[in-house]
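In order, the protein sequence lines correspond to chains L and C.
In my numbering, each number is its position in the first sequence, counted from 1, plus 3.
In my numbering, each number is its position in the second sequence, counted from 1, plus 26.
Ideal Cβ positions, reconstructed from N, Cα and C, are used throughout, including at glycine.
In what follows, a single structure is set out as structure tokens and then discussed.
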Amino acid sequence: MSRPEQLLPRESLLWIFAAQFTVLLPHFARLPLWIVLGWLIAVLWRFEVYRGRREFPGRLVKLLAVAVAVGGLALSYRRWFALEPMVALLAVSFALKNLELLSRRDAFLSLLLAYFVAATLFVFEQTIPYALYGVLATAVVTAALAAQLGGFSARPRRAFGLSLRLLAQSVPLMLLLFVVMPRLEPLWAVPQNSGGASTGISDSMTPGDFTRLSKSDQPALRIAFDGPVPPPEQRYWRGLVYSHFDGRRWSQGFGVDPREGARVSWRENEQPLPEVGPRYRYRVIQEPTRNQWLFAMARPHSETDGVGETGDDRLVRSIPVYSRFAYDVRSWPRSSLTPSSVLGDFERRRNLQLPAEGNPQARAWARRLAEEHGDGDSISAAVLAFFNRSFTYTLKPPALGADSVDEFLFESQQGFCEHFAGSYVFMMRAAGIPARVVAGYQGGEWVEQEEYLLVRQYDAHAWAEIWTPARGWQRVDPTAAVSPERIRDGLQTAAAEEFMEDALLPLHRISVLNRLRLEWDMINYRWYQTVVSFDSDSQQNLLQRVLGEVSPLRLAILLLVPAGVGLVLLLAWLWWTGRGARLPRAQRLYLRFCRRMARAGIPRRQGEAPRDYAARVASEAPRLAAMAAAVTAAYERAAYAEEPAAERQLARLLRQWRLTATSPVASATATPGLDSGGTQA
Amino acid sequence: MQKIISAIVSDIGRVLLGKEHQVKLALACLLSRGHLLIEDLPGMGKTTLAHALAQVLGLSYNRVQFTSDMLPADILGVSIFERDSGNFRFHEGPVFSQLLLADEINRSSPKTQSALLEAMEERQVSVDGETRALPDPFFVIATQNPLHQSGTFALPESQLDRFLMRISLGYPTREAERALFQGVDPRAELRQLQPRIDVSDLKRLQALVGQVKASESVLDYLERLVSFTRQSPDCTVGLSPRGALALLHAARAWALIDGRSHLLPEDIQAVLPSVAGHRLHSESGDGSQLVERLMHQVDVIAA
């Protein structure tokens with residue numbers, strides 16, 4: 004079937020399997036289990052072939068395997084043109100390649116594929132641990148390649164040594180390419196399968212949503228300020244506005260959701276910016292949410308590409324945030340703006356919307372309040388006072404029935420931010436005041452050295468906004484009326500007993516661990532800032548700083564000059580180490596003397612010793628005899644008696660000779676001419 | 027010390043007219059504790075040189091004329107039963123002397139030649155299972171006729187290697203020959219020669235040879251010479267480490283005779299033909315042309 008010298012030796016096989024395992028390992032969790040099993044079977048089969056127990060599979064078996072794999076992929080994913088099925092396809096073909104791992108050529112093919120599989124890891128994860136793992140995988144694959152060289156190259160130490168040396172040597176090139184390699188925008192957006200459950204604020208709010216979020220300490224946002232920092236009670240990161248209520252569920256509603264007819268100004272200056280300067284400037288790094296909405300303080304404006312503003316003072320992105328996304332924001336607090344005193348008809352209707360029926364008690368009470376107080380501010384104050392009087396803030400509210408607002412307001416009186424915000428807005432709308440629920444994050448934790456605010460999922464919050472003719476839209480946080488410390492100090496303090504009590508290990512109670520976690524978060528932040536978010540913009544900026552102006556010529560110079568310098572240095576090094584030992588100084592000086600004498604027409608013969616040479620010089624050119632004798636004597640003492648003084652004397656002799664008597668050399672070269680002239684005369 | 031050396035050289039020069047270079051070589055050979063092989067036609071003054079050296083240096087001197095029927099015992103000595111004492115007594119052979127002149131060494135059989143081997147190298151002889159030390163100092167000056175002469179056994183290479191130098195005297199210069207004609211009697215001069223030094227002085231001189239400074243530069247040159255002989259396609263056999271050491275020792279002695287405390291490339295070049303000539307072999311036979319080439323092709327200064 005194959006010639007014996009082509010067969011892969013055992014070490015080669017083991018290395019290939021190790022490399023495959025290493026690159027596939029992080030994908031195991033993501034891939035369907037049957038692919039992992041398929042890989043194992045293929046490896047086993049190949050090993051049986053090695054042991055001579057089995058033949059390589061025939062064409063029929065291979066066809067069958069391919070068919071099964073394709074069918075399995077179709078069943079597992081049901082859609083083809085997404086990243087995950089593609090990665091799975093790669094993994095499957097990679098696994099099946101083991102069934103025809105025949106010759107060295109196949110081994111190389113499989114290992115080169117392994118590099119590719121290792122690279123697909125970064126499609127999903129770009130954090131430090133995965134980056135480190137990527138380096139490890141590259142090292143293993145390279146070592147496996149090195150092990151194919153034959154001889155003793157398959158020994159682990161040798162293979163790894165070679166691999167690490169190669170990797171180390173390629174680091175400068177990697178850094179250079181990282182900086183100058185053009186960052187192409189993807190030619191088409193590859194959709195990722197967003198089926199997986201992810202924590203984060205969703206586009207609707209039902210009771211229990213935020214309680215779920217309060218159990219997660221995953222980071223949501225990292226915010227770094229440039230200039231002043233808002234006080235804790237101002238840190239409301241608005242993400243969503245829920246204006247539609249169906250009796251149980253708050254959702255964005257038509258005209259609010261950018262996907263459903265909301266107007267978003269994508270272009271610069273489409274919405275006039277306030278004339279006064281912004282109060283806060285900051286950069287938000289948002290974890291992937293697979294949704295379009297972004298988070299910012301009220302009246303935001305962002306100049307980051309692909310970020311637009313909605314009419315209700317939010318930011319949205321043109322495509323969902325599939326991977327970490329950074330955007331720069333400027334915020335004007337509403338108090339610094341002059342409110343428009345008119346609310347459009349459509350807006351007013353939308354923000355007064357209530358289901359046709361349900362929650363009769365609340366509606367009746369709202370009507371009563373409206374009659375008593377009249378203006379929005381005092382109605383709001385009354386509701387908040389009611390909350391303050393007899394309500395409890397808890398992470399474990401009792402379940403509510405059909406008339407959820409009624410039950411919450413008049414029976415259970417225990418709830419979480421979503422309950423307070425939802426029922427407050429219901430009350431205000433019932434009382435005829437335009438109101439809406441706003442969801443986002445509130446607060447955040449300082450990470451000290453870096454001075455950025457770390458906002459976690461458990462900082463998710465819901466609050467309300469009401470519109471009054473005097474002040475326009477203003478924020479009202481009903482939770483603050485019940486539990487002010489929630490706003491001031493965060494959830495952990497407000498619900499200390501209940502906070503994260505479902506966690507397997509109460510790690511959050513160990514302060515050292517908390518600090519370590521913050522440190523780790525900081526390292527991650529830096530990693531993201533410098534490495535992962537190094538996109539074409541930052542590249543352009545960096546290149547502009549280095550080059551002044553980015554042109555193809557300059558880029559070429561930037562690439563070629565280091566390469567040229569490197570090559571020249573390499574050549575110089577090769578010459579330097581290859582040229583043998585440097586001659587001692589005395590010998591160099593003496594050789595200089597010899598060169599001068601050669602120019603004067605008396606070259607030293609090979610193998611001619613200094614004294615003989617001096618004697619010959621004396622006989623052939625008596626004028627130079629004295630100098631030759633002095634130089635020879637000095638040289639002999641310097642080189643052979645090793646007297647340092649003689650070496651200096653030799654140098655001095657040669658120097659003086661040059662100073663006073665470039666003439667001897669000149670006249671010596673001229674001598675034959677003179678002589679012949681003399682004889683002619 | 028320098029005066030003594032020049033006195034020795036001039037003393038011998040009175041006996042061996044016009045051969046100062048050879049005299050100095052022979053002296054250098056003895057000062058570096060080496061044995062000397064003089065190769066020349068009969069009547070060129072080989073014996074005279076050996077004799078004069080022994081006289082001037084004040085050494086005990088034995089001369090053995092090698093013949094084809096000679097046996098090792100004739101050189102080393104024999105144990106003879108003495109009736110008076112009833113014991114065997116060892117009668118020392120001619121080898122027990124400070125300077126042994128082995129005349130026409132290549133006339134004897136290889137067996138006898140090699141009897142001298144141990145004596146020369148180990149400076150001791152083993153007779154009847156007993157090892158006897160030879161006097162100190164111990165020199166062998168051997169003479170041989172050119173090989174093409176009849177009735178000669180060529181010395182094997184191992185034996186040749188035992189000799190530090192091989193020199194040949196050559197015909198005398200015209201002036202020297204004229205002086206001979208005019209009645210200068212070398213033999214009479216020889217008889218008049220007085221020892222210039224005693225054994226302890228000789229040993230001190232030998233010790234001084236070792237103190238002659240050999241700088242890195244000159245050692246480099248030596249190294250280049252040696253490696254040339256080993257790498258050059260002309261040489262069938264390169265210079266052995268013993269040969270290289272011999273070259274260094276001889277050059278040092280030459281430097282001392284020249285009155286210097288450091289070694290020059292010239293010193294090496296001066297002794298090179300006599301030290302390397304009999305150790306090197308080329309396709310064409312003798313090593314002397316090889317040595318010529320060696321001197322001209324290996325540069326003194328740089329590689």
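### Task
Figure out for me which residue from L/V549, L/S536 and L/D331 has the closest Cα to the Cα of L/P281.
It is L/D331.
### Query
Three or more C-beta pairs closer than 8 angstroms, one from the segment 45-64 of chain C and one from the segment 182-194 of chain C: is that the case here?
yes
### Query
Are L/M208 and L/Y245 close, meaning C-beta to C-beta below 7 angstroms?
yes
### Message
Do C/V104 and C/T74 count as a contact pair if the criterion is CB distance below 7 angstroms?
### Response
no
### Task
Please report the residue range of the alpha helix (DSSP H) in which C/G269 lies.
It spans P267 to I283 - the alpha helix (DSSP H) in which C/G269 sits, taken as one unbroken run.
### Task
Check L/T471 in the structure and name its three-state DSSP category.
strand
### Query
CA-CA distance, C/L43 and C/P198?
7 angstroms
### Task
Could you tell me which of L/V515, L/E522 and L/Y427 sits nearest to L/V485, measuring between CA atoms?
The residue with the shortest Cα to Cα distance from L/V485 is L/Y427.
### Query
If you run the structure through DSSP and keep just helix, strand and coil, what is L/E645?
coil
### Query
In the DSSP assignment, what are the bridge partners of L/W296?
L/W296 is bridged to L/V319.
### Message
Check whether the segment 205-216 of chain C and the segment 263-282 of chain C are in contact - that is, three or more C-beta pairs closer than 8 angstroms.
### Response
Contact fails between the segment 205-216 of chain C and the segment 263-282 of chain C, because fewer than three Cβ pairs, one in each stretch, are under 8 angstroms apart.
### Task
Anything in chain L within Cβ reach of C/K239, meaning under 9 angstroms, just list it in chain order.
Chain L residues near C/K239: Y643, A644 and E645.
### Message
Cβ closer than 8 angstroms: which chain L residues qualify as neighbours of C/L290?
### Response
A612, P613, R614, E639 and Y643
#### Entry: Contact list for L/Q609 against chain C, beta-carbon separation under 7 angstroms
H322, Q323 and D325
#### Entry: DSSP state of L/G199 mapped onto helix, strand, coil
Residue confidence for L/G199 is low, a pLDDT of 41 falling below 50, so the modelled location carries little weight; the figure read from the coordinates is stated next. Note: L/G199 maps to coil in three-state DSSP.
#### Entry: Per-residue contacts from L/P1 into chain C (C-beta, under 7 angstroms)
Since the displayed chain L opens at 4 and closes at 684, residue 1 of chain L lies outside it and no answer follows.
### Query
What does L/P587 reach in chain C if we use C-beta pairs closer than 8 angstroms?
Around L/P587, the beta-carbon contacts reaching into chain C at under 8 angstroms are E242 and S243.
#### Entry: Euclidean distance between Cα positions of L/R607 and L/M600
8 angstroms
### Query
From L/I38 to L/W83, what distance separates their C-alpha atoms?
Roughly 16 angstroms between the two C-alpha positions.
#### Entry: Pair within 7 angstroms by beta-carbon distance, L/V440 and L/A424
yes
### Message
Taking the beta carbon of L/Q172 as the centre, do at least 16 other beta carbons fall within 10 Å, making it buried, or is it exposed?
### Response
Around the Cβ of L/Q172, a 10 Å sphere holds fewer than 16 other Cβ atoms; the residue is exposed.
### Message
Given a cut-off of 7 angstroms on the beta-carbon distance, is the pair C/G303 and C/S287 in contact?
### Response
no
### Task
With distances taken Cα to Cα, identify the nearest neighbour of C/G71 among C/D110, C/F165, C/R149 and C/E130.
C/E130
### Query
Which stretch, first to last residue, makes up the alpha helix (DSSP H) that contains L/T482?
P481 to V485
### Task
Would you kindly work out how many angstroms separate the C-alpha atoms of L/V73 and L/E488, rounded to a whole number?
56 angstroms
### Query
Cα separation between L/G314 and L/R266?
7 angstroms
### Query
Quick check: the segment 30-41 of chain C against the segment 251-258 of chain C, are there 3 or more CB pairs under 8 angstroms?
no
### Task
Would you kindly check if the distance between the Cβ of L/A438 and the Cβ of L/M431 is under 7 angstroms?
In contact: L/M431 and L/A438 (Cβ atoms closer than 7 angstroms).
### Unbroken stretches of the alpha helix (DSSP H), 4 residues or longer, contained in the segment 47-101 of chain L
62-80 and 86-99
### Task
Compare the Cα-Cα distances from L/F20 to each of L/L562, L/V143 and L/P261 and report the closest residue.
L/V143
### Query
Mapping DSSP to helix, strand and coil, what is L/P613?
helix
### Task
Report buried or exposed for C/P136, applying the criterion of at least 16 other Cβ atoms within 10 angstroms of its Cβ.
exposed
### Query
Taking DSSP as the reference, what is the three-state secondary structure of C/E65?
Three-state DSSP puts C/E65 in a strand.
### Query
In whole angstroms, what separates the C-alpha of L/G418 from that of L/E360?
23 angstroms
### Task
Under 7 angstroms Cβ to Cβ from L/L677, same chain only, skipping five residues before and after it: list those, please.
Here the model assigns L/L677 a pLDDT of 37, short of 50, so the residue's position is not dependable, and the following value carries that caveat. Here the set comprises nothing.
### Backbone CA spacing between L/R529 and L/T130 [nearest angstrom]
Counting only the Cα atoms, L/T130 lies some 11 angstroms from L/R529.
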